[in-house]
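According to UniProt numbering, the stretch in the sequence shown is residues 1 to 290, in order.
A virtual CB, placed ideally from N, CA and C, is assigned to each residue, including glycine.
Please read all numbers here as calculations on a predicted model, not as lab measurements.
Read through the structure below, which is laid out as structure tokens, and then see the notes.
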Amino acid sequence: MAELADLLEVRRTNPDAIAAAAVARKRPANLFGGPHGKLMIIAADHPARGALRAGADPLAMANRVELLDRLRTALARPGVNGVLGTPDILEDLLLLGALDDKVVIGSMNRGGLAGTSFEMDDRFTAYDADSIAAAGFEGGKMLLRIDPDDAGTVATLAACGTAVSELAAHRRMAMVEPFISHRVDGRVRNELTAEAMIRAMTVSAGLGTTSAYTWLKVPVVPDMARVMAATTLPALILGGEVSDDASAAYAQWAEALSQPTVQGLVIGRSLLYPSKGSVADAVDRAVELL
1 MAELADLLEV
11 RRTNPDAIAA
21 AAVARKRPAN
31 LFGGPHGKLM
41 IIAADHPARG
51 ALRAGADPLA
61 MANRVELLDR
71 LRTALARPGV
81 NGVLGTPDIL
91 EDLLLLGALD
101 DKVVIGSMNR
111 GGLAGTSFEM
121 DDRFTAYDAD
131 SIAAAGFEGG
141 KMLLRIDPDD
151 AGTVATLAAC
161 GTAVSELAAH
171 RRMAMVEPFI
181 SHRVDGRVRN
191 ELTAEAMIRA
201 MTVSAGLGTT
211 SAYTWLKVPV
221 VPDMARVMAA
231 TTLPALILGG
241 EVSDDASAAY
251 AQWAEALSQP
261 TVQGLVIGRS
271 LLYPSKGSVA
281 DAVDRAVELL
């Protein structure tokens, strides 16, 4: 179990310990540590957007100590070389000593809270490029949902473009997660077709003053060969929701990984809260795909 009492004591009496832990963290020699030569990143930025569901449980991620324990288990598995999270989670992991030699990606825009009337307004409410560089982290991730019927989308486009430029100025990875999205019956739905992903990816690739440090975070959709042919930027495949048919999900990830621009996986709930088996088993099976 994560040392909750110790975390609380540090946060209560010595908040400067967080910055000190970031400075002391042993950074990875390169992005592609491990025998597979790919990136295997565990995602844990869902709670800050109010998205706590995993599988059938709407509050699966609500217990923070349990989530931290699951994250530490995943990060300790061979072949896992990174984590993606918001400041609260990454700082807990720093204090717990779980981020040495790991690629750390800070999540940046968490303003589009799940299930709200303003969900499409993905304002930058967490990390910015300066704080990511100051912490010594390797990059920043942003969500870019493009709604053709929502004029507010252009504000998110502009903010993402600025973030890409600022991360590049610090020589940090800009991980962009693009979707074409629509509001249906009051809920935001991502359009998971090849045509929609091609459009979203090509828009994302053109953001900012340079694409030198831009990576794409892409869901598995039909016809991934055609989708990934739309860009020369390196890409990571995201895992998506917890599935009862884990074998089908792993098969889809494996097929996507066969595309030359795909450089690894970014998976959260599917591995941290597997429908069957342990976190370690689920993570090890994903690593084997690399």
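query: Which of helix, strand or coil DSSP assigns to residue 40; result: strand
query: Opening and closing residue of the beta strand (DSSP E) in which residue 110 lies; result: No beta strand (DSSP E) contains residue 110, which DSSP labels as neither H nor E.
query: Environment of residue 119 [buried if 16+ CB atoms lie within 10 Å]; result: buried
query: Alpha-carbon to alpha-carbon, residue 26 and residue 14; result: 21 Å
query: Cβ-Cβ distance between residue 197 and residue 176 below 8 Å; result: no
query: Residue interval of the beta strand (DSSP E) (run including residue 263); result: 262-267
query: Close beta carbons around residue 41, own chain, < 6 Å, minus the five adjacent residues each side; result: 82, 84, 266
query: Beta-carbon separation (whole angstroms), residue 137 vs residue 111, contact threshold 8 Å; result: Going by Cβ atoms, the distance from residue 137 to residue 111 rounds to 20 Å, so no, they are not a contact pair.
query: Contact check, residue 181 vs residue 187, beta carbons under 8 Å; result: no
query: The alpha helix (DSSP H) enclosing residue 55, as first and last residue numbers; result: Note, residue 55: premise wrong, no alpha helix (DSSP H); not H, not E.
query: Which residues DSSP lists as bridging residue 214, in chain order; result: 174
query: Best match in 268, 125, 20, 152 for proximity to residue 117 [C-alpha to C-alpha]; result: 152
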